[in-house]
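Worksheet: one structure, shown below.
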Amino acid sequence: MLADRTAEELRLSGDAYPDWVKEKYLQLPENFSPRIQALAQQITAPYNTPYDKTVAVTNYLRREIEYTGVIYLPNEDVDPLEYVLFDAKRAFCNYYATAQVLMLRSVGIPARLAVGYAQGQPNIQKSLYAVREKDLHAWPEVYFPEYGWIEFEPTTNQQPIERPEAREDLAQIAPFANNSNQPLFKPDVEFTPDQE
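Numbering (this note's numbering), first residue to last: 24 to 219.
Structure, rendered in C-alpha cells:
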C-alpha cells in the first residue's frame, strides 16, 4: 500500500521515536559542518512539529537550489554539501537528498536516503511508463511514529509531493483511494502468524 498520510496526520504523529530509529537515523558525520547545521536551525526555527520542519527544509531546497545534472567541485578540500548549499546553489538529486537528510538529522529529525527510479515517461494514455537509466533518482525519507518512513521531494526536476491537509481533502485528490484507514479487503480465512 502506498503511504497516503495527510499533512494533519503527520503533523500530529509527534516525535516519540523508537530507540532503533534514534540510534541509526540521527547519526551525523563526526566533522559535520556547523554552517549547514546553523542553516537547518534557521530554516526550522519558526516551526514546532517534525513535519512542518521537514516541509520547510524541502521548500528551502526547492526554492534556493537550481537543478543541474553535473557538479564540479573547485578542489578536494571543499565540503561538497557546503559548496552546493552556499556557493554553487546548484545540485542533482544525490546532493538534494543528502543535504535534506543531514539537515533534518542535525535538528533531531530521523531521516534516511532512498535510491531507485523516478516515475519515467508515460505513454499517451498514461497507462504505461518507460523507466530508463536516466530516471535513476535519490530522495529523502523521514520517520514518523505510527506511520514509518514517508518520502519527500526536494529535487526541483521532479514534481513536488502534494499531500492533502486533512483526510476529507484526500477524497478530492484521489477519489478511488482507500481513505478510510481500513484494510482494502477482509480475507474469508483468518491466518495465524505461522501460516502467513
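Every residue, glycine too, gets a C-beta built ideally from N, C-alpha and C.
- Taken through DSSP and simplified to helix, strand or coil, P73 comes out as helix.
- Segment contact: the region 41–50 against the region 78–92, fewer than three CB-CB distances shorter than 8 Å; contact not assigned.
- By the CB criterion at 9 Å, H160 and V124 fall outside the cutoff.
- The DSSP assignment places complete beta strand (DSSP E) segments of no fewer than 3 residues inside the region 116–179 at 134–140, 159–167 and 171–174, in order along the chain.
- A contact between stretches requires three or more CB pairs, one per stretch, nearer than 8 Å, and the region 89–105 meets this requirement with the region 166–185.
- Judged by DSSP secondary structure, E32 falls within the alpha helix (DSSP H) whose first and last residues are A30 to L35.
- Counting other Cβ atoms within 10 Å of its Cβ, A189 stays below 16 and is therefore classed as exposed.
- Here C116 has H160, A161 and T178 as same chain residues with Cβ atoms under 6 Å from its own Cβ, once five neighbours each way along the sequence are excluded.
- Bounds of the alpha helix (DSSP H) holding V44 are D42 to Y48.
- Partner residues in the beta bridge of R113, as assigned by DSSP, are E89.
- In this structure, DSSP gives V101 a state outside helix and strand, which the three-state scheme calls coil.
- Annotation: P69 to S129 spans about 16 Å, alpha carbon to alpha carbon.
- In this structure, E169 places its C-beta atom within 9 Å of the C-beta atom of S36.
- In this chain, the alpha helix (DSSP H) harbouring Q65 covers P57 to T67.
- With a cutoff of 9 Å on beta-carbon distance, V107 and A122 are scored as near each other.
- In the three-state reduction of the DSSP assignment, N54 falls in the coil class, being assigned neither a helical nor a strand state.
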